[in-house]
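Student:
Protein chains in written order, with our numbering: chain A, 3 to 760; chain B, 3 to 760.
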């Protein structure tokens, strides 16, 4: 393919909310080549989509089958080890006196060099540190810009697993996870363009503020950095949501803001955003740059969970657990949320719209917190902008997960660079709840400890650059729980169900817990060849899509558990329906029990929310790309601000047995509620058995109420399941419904599937 | 008193090992005055001893009774609220061309201003940041230097307790503790002098090194700072213990040192020290400054305790505990040690000799680790120099203890300054094992959390200035135990003895545990007026000296517990003897059980070693100033590198009951041991009952061996106690001996003392 020179033109590239004179930006047309070695010249050039990923360009040009169907992802594996070159040609644009031409890329994944007309201008490791290269003095009439991208970083060639990523600040998930195929993105993954800039230019602008004790005043300090700013005047204004200017500051960088409207998560108030505008002026007073962004004022702390100071008791006495109670604007809130994972295997193709559909569903699910898990990327700006707008809190992890990241100077220097870039960008967003070093780092399978320099460095970086945001080194902290990830323990000697497991549990926060379910049949048909669809088997596309051997045992399909309760499935539809039912019932159990354990318990975030490609079975609530499973709606109900809830002891009940359940009213509402009445009944087919009616007392804001235990001898039904229904008089929006497996005396299920793990 | 001008003269003030041309130093003669307000002029001047404390000067001049006798310490209380002025007069010395006259003080406690001839030259808060003031350009012929010292810092006037110190970097102990009277030192507390310095001068010099993985090479990097060093040549040499020069570096700052002799704690090898000499030359090559210090090469890490990665089990799963296993030069060692507290209430009077007598005893006690508790000061240089020489490891805490130190900008700025001074000084010593934020900060009575900015700051400071040393935020960490502090639990519903308490305990480290004992009668006579000596009572000097109401219940005398075992004491001598016996037996139980729990358990450091004044009863092993209690020798025996040991279930046994004990051989020795034979027998008076003989197998280095359980029906003795004796054939140095209370059937003890807490 013959290269053509791009004519420099005015191009709108307003991919970000923050509009920095977008008319000065020009997007580029890129080609891509690859070679087996660093010195080899690419044999051919193919068109590249930027931002994107080299694999997607290769697949398109070479007509690869889609990676998400069957086992085609295996065809892409070789691409992780190639050397890639992006190339673009452009003519020198006309520049006014003093004007500069700057090459900007917000992210290139992962190690790369940049050449202009054959001269190396930059060598960088790290995908989160943006590139901003002033090309002006090197420009010729015709210019060739090249980005040379190294193969995926690996500390060793084998084993081929996530540990290969343990010495780099590259998200580990793409090296293969129990719900992610091995596909390691490479290439330009975020906005990239040429920009004409005045000789004086603000590159970074931060409205640093601290709210006083009673939240009545924000002490604001503006922080500007960029080129040749010394001595130049600037004007900063703050407008409220009506467009009214509420603050104006000329030349100075500090002021007090009285009675700011506070930003709240959506379920506790309004996520109020102001518009901040900074204008740079030249010495004659002419505006030479304008930059706009949203800011929200809130104070976030991690404070001690109620009752946690009373532990431990007795001697010898160890320390109390670390705090896991989020307090926002002085109010302790119960965090209901989920673990967010990359919504795409290739982050280059994530758009604002893609984020928006998932975040809209998160609000619909009554979530107020997203844990952005450290195995994946730190999301693009539009993610945080949308969270700011929608009132979703973000627990942001650094890209460390399940590895032992070393006390090694080179790694630490890259981590320092990358974390500074991440913190300086994300700290501007009111949705940021707190920082976290990464996932499960203080667990045996990772092997890091409090002494690991990487985590001490991240703590130090966050303290220096964003002291007002809490920092935790990892999750789980002591007193927080991760797991289980199945409805019933996989240990054949244990087999404990989620109901009794959660009743025994006593944690400050449940920050990961999973319930697997198969994807819906429609989704399965798009990823598994027709001939493999029924019955599911290991060694087929089912396994590639994580139905088998994904975690331990027969995860994630867990057909044996499903059929243990409901008998052998006669069709894919039946298996899927029963599996999805169990997911929903299991998740409801955990979310509602975590809420009952409030205020000692302060958080419940399931593993996981979304997925980066369509799995056949997974703990996710949403199938790729944005298709809620039935479990999503179960969780949505369990996370309503107010609901009638019941605590159960087990899932399967037998005819004649005394069924029992503890009644509760749960409220996370920031306001009081009047008294009311709950009725509980059992329903099997058309048979209804009322058990109890409970008159609950008026409820204080954000406080639950425990009720009586309802008991009932189970009648004879000819069914394999029944429902428990809680009805709240005059408040059907508080009603709840649970399904249980039922064993009539007269019927024996035929168990043709073997008991798991035996 | 009429002031006299000090004639400048050559004075040797070689208080420190590091000899920086000591002939250039001149000590000063100081007077002291005080006033009730800052503006008031002192009414009179009294002689001051420097270093010292204002209280000691006042007491001497005004003939106060000694603070350690009876309750005279109360007479000193008013002094904490006065404003003090130190004053000295001196004539301008002759200075060679370019020479500077610098006022140096290594420590002034706590907030102060310095004036020369009426002009304020410095205002400082913080006792750990040395002062180095160039006076040259301000000198007159006759000069007056004044140091104005503010009253003791207090966040509020009431309550009068340690919380008053919660917003300052002043050790909290002097505000009153359960073994420390309220006496808050103020004034010049470390070496202070005038020094003639060349115009170019090295003020700080650090031999920074990192040992490689197999310890065969040290990568050395010299760090110099001072005045006008740019362009001047310097020579660094390193000499071994024989005086042989092994390294020489001219002008450069980096080199590799192959096969350095390693520094070891005394029980694991030789605490090898090299002599480092830095010489500063002028441009003509003439030596203008020589500075000498000792350095040792060792690598220290905190690594995971053996077995700790296997915990916790099951789901939900929280994190594994933080590491508490010290590894030095690649070898995991069991730390046997103690909690070091200020050896004087007024640190200004601590001398090298005072440190030496206590540190000599620490080595005698077979201790290898001192936890320098955060309630007290960071010790003077001579402390660390002696630890370096003697091979004692130092767990160094910052001056934070049992308070909630705030997220407050002023406090944090002083903490940053003080911690930098502390780290830069102490990091040079091979005896430094690790840093710790302070004492019991993550416990309910302190109220700090992992989010506290002070602790995040200290972590960050240590990482920046001394990344090769571990840092822990506080003690206890999760998995470490503090307490109990009594032989038998004080809760009347519990009363659990140390024997069963320790048998149940499962901790990575026992970093505080106490056993109270009264001081010996000779000591008691020096502090308690004769008429109060017998019987001890609350509300007397006994209480002032911590025998009553010190901690909880009847601590620290615990007469009820003592008499519960041995009956009502008929004399002071009997009470003291029984109390001291119980201390020793309790301490042996804990040290030996902690060692039996090796390798999961890695440390045992009792509370506490020494004391800053003579207490009547305390957990200390050593009475003030350096008088070992019998418990000291019990601990010394329990900490021998090799010993026969037994595990017991309780303290008091009854005639006819089956006595039993589990036999062990304990070894922390870094080398293997041959097989041997242990015999166990019971001894009461002249009656000896052999029980069992055990042939133990050859023992691997640093590994214990569990033996059989010895059982024996207890015969009828007419005694209230018996001994258990373990004899190791051919190795009497491994023998052990324990004492137990005995209850013959025929005798009933008369209980005239009430049962505690009822």
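Positions of the beta carbon are idealized from the N, C-alpha and C atoms, including for glycine.
Could you check the C-alpha separation between residue 230 of chain B and residue 292 of chain B for me, to the nearest Å?
Tutor: Answer to the nearest angstrom: the Cα atoms are 16 Å apart.
Student: For the alpha helix (DSSP H) containing residue 632 of chain B, list its first residue and its last residue.
Tutor: Element bounds for residue 632 of chain B: 632–640.
Student: Give the residues from the stretch 461–486 of chain A that approach chain B closer than 9 Å (Cβ to any Cβ), ordered along the chain.
Tutor: Listed in sequence order: 461, 462, 463, 464, 465, 466, 469, 472, 473, 474, 475, 476, 477, 478, 479, 480, 481, 482, 483, 484, 485, 486.
Student: Are residue 174 of chain B and residue 341 of chain B close, meaning C-beta to C-beta below 7 Å?
Tutor: Their beta carbons are not under 7 Å apart, which means residue 174 of chain B does not touch residue 341 of chain B by this criterion.
Student: Spell out a yes or no on whether the stretch 466–480 of chain A and the stretch 541–548 of chain A are touching, meaning 3 or more CB-CB pairs, one atom from each, closer than 8 Å.
Tutor: Not touching, per the Cβ criterion.
Student: By how many angstroms is the C-alpha of residue 719 of chain A removed from the C-alpha of residue 686 of chain A?
Tutor: Near 7 Å, if we compare the C-alpha coordinates of residue 719 of chain A and residue 686 of chain A.
Student: When burial is assigned at 16 or more other CB atoms within 10 Å of the CB, is residue 494 of chain A buried or exposed?
Tutor: Per the 10 Å Cβ criterion, exposed.
Student: Strictly below 9 Å CB to CB, what residues from chain B border residue 456 of chain A?
Tutor: By Cβ distance, chain B contributes nothing, its closest Cβ being about 11 Å from residue 456 of chain A, past 9 Å.
Student: Checking 7 Å against the spacing of the C-beta atoms, do residue 194 of chain B and residue 52 of chain B come in under that value?
Tutor: Cβ distance < 7 Å, so residue 194 of chain B and residue 52 of chain B count as in contact.
Student: Could you check whether the Cβ of residue 319 of chain A sits closer than 7 Å to any Cβ belonging to chain B?
Tutor: Closer than 7 Å: yes.
Student: Using a Cβ distance threshold of 8 Å, determine whether the stretch 300–315 of chain A contacts the stretch 327–341 of chain A, with at least three qualifying pairs required.
Tutor: The stretch 300–315 of chain A vs the stretch 327–341 of chain A: in contact.
Student: If you drop the 5 nearest sequence neighbours on each side, which residues of the same chain put their C-beta closer than 7 Å to that of residue 759 of chain A?
Tutor: Model confidence at residue 759 of chain A stands at a pLDDT of 36, short of 50, so the residue's coordinates are unreliable; what they give is reported in the following sentence. The answer, listed in chain order, is 492, 494, 555.
Student: At 7 Å on the CB atoms, spell out the chain B contacts of residue 444 of chain A, in chain order.
Tutor: Correct list: 321, 322.
Student: Determine the DSSP secondary structure at residue 532 of chain A, reduced to helix, strand or coil.
Tutor: Residue 532 of chain A falls in the helix class under three-state DSSP.
Student: Below 9 Å on C-beta distance, what does residue 829 of chain A contact in chain B?
Tutor: With chain A represented from 3 up to 760, any question about residue 829 of chain A goes unanswered, as that position is not in the structure.
Student: For residue 635 of chain B, which residues in the same chain have their Cβ closer than 8 Å to its Cβ, ignoring the five residues on either side in sequence?
Tutor: The answer, listed in chain order, is 586.
Student: So with Cβ pairs under 7 Å, would you call residue 451 of chain B a contact of chain A?
Tutor: At least one chain A Cβ lies under 7 Å of residue 451 of chain B.
Student: Can at least three beta-carbon pairs, one atom from the stretch 590–610 of chain A and one from the stretch 523–540 of chain A, be found at a separation below 8 Å?
Tutor: Not touching, per the Cβ criterion.
Student: Using DSSP bridges, identify the partner residues of residue 198 of chain A.
Tutor: Beta-bridge pairing links residue 198 of chain A to A:103.
Student: Note down, in chain order, each residue of its chain lying with its Cβ closer than 7 Å to the Cβ of residue 409 of chain A, except the 5 sequence neighbours on either side.
Tutor: For residue 409 of chain A, where only same-chain residues beyond five positions count, the Cβ hits under 7 Å are 454, 455.
Student: Whose C-beta lies closer than 7 Å to the C-beta of residue 548 of chain B among residues of the same chain, with five residues either side of it excluded?
Tutor: So the list reads 180, 181, 558, 617, 618, 619, 620, once near-sequence residues are dropped.
Student: Based on the DSSP output, what are the partners of residue 83 of chain A in its beta bridges?
Tutor: None, per the DSSP bridge assignment.
Student: Against residue 373 of chain B, what residues of chain A qualify as contacts under a CB-to-CB distance less than 8 Å, listed in chain order?
Tutor: In chain order: nothing, as chain A lies at least about 15 Å away.
Student: Terminal residues of the continuous alpha helix (DSSP H) containing residue 412 of chain B?
Tutor: Element bounds for residue 412 of chain B: 411–428.
Student: Would you give the residue range spanned by the alpha helix (DSSP H) that residue 378 of chain B belongs to?
Tutor: Residue 378 of chain B -> no alpha helix (DSSP H), and no H or E assigned at all.
Student: Starting from residue 311 of chain A, find everything on chain B with Cβ-Cβ shorter than 7 Å and list it in chain order.
Tutor: Result: 446.
Student: Provide the residue span of the beta strand (DSSP E) that contains residue 689 of chain B, from first to last.
Tutor: Run containing residue 689 of chain B: 689–698, per the beta strand (DSSP E) assignment.
Student: Residue 363 of chain A and residue 394 of chain A: beta carbons closer than 7 Å?
Tutor: No, the Cβ-Cβ distance between residue 363 of chain A and residue 394 of chain A is not below 7 Å.
Student: Does the beta carbon of residue 426 of chain B come closer than 7 Å to any beta carbon on chain A?
Tutor: For residue 426 of chain B, the answer is no, since every Cβ of chain A falls outside 7 Å of its Cβ.
Student: Can you name, in chain order, every residue of its own chain whose Cβ lies under 6 Å from the Cβ of residue 501 of chain B, other than the five neighbours on each side?
Tutor: Correct list, in chain order: 591, 650, 651, 652.
Student: Do the stretch 204–211 of chain A and the stretch 110–122 of chain A make contact, defined as three or more Cβ pairs closer than 8 Å?
Tutor: At 8 Å Cβ cutoff, the stretches do not touch.
Student: To the nearest whole angstrom, what separates the beta carbons of residue 726 of chain B and residue 684 of chain B, a pair I think is in contact under 8 Å?
Tutor: Indeed, because the Cβ distance is near 6 Å, the residues count as touching under 8 Å.
Student: Measure the Cβ-Cβ separation of residue 667 of chain B and residue 646 of chain B and say whether it is below 7 Å.
Tutor: Yes, these two residues count as a Cβ contact at 7 Å.
Student: In chain order, which continuous runs of the beta strand (DSSP E) of length 3 or greater are located wholly inside the stretch 642–719 of chain A?
Tutor: Listed in chain order, they are 644–649, 654–656, 660–669, 678–686, 689–698, 707–715.
Student: Going by the beta-carbon positions, is the gap between residue 375 of chain A and residue 441 of chain A smaller than 7 Å?
Tutor: Cβ distance < 7 Å, so residue 375 of chain A and residue 441 of chain A count as in contact.
Student: Can you name the residues of chain A whose CB is closer than 7 Å to the CB of residue 620 of chain B?
Tutor: Simply none; closest approach about 18 Å.
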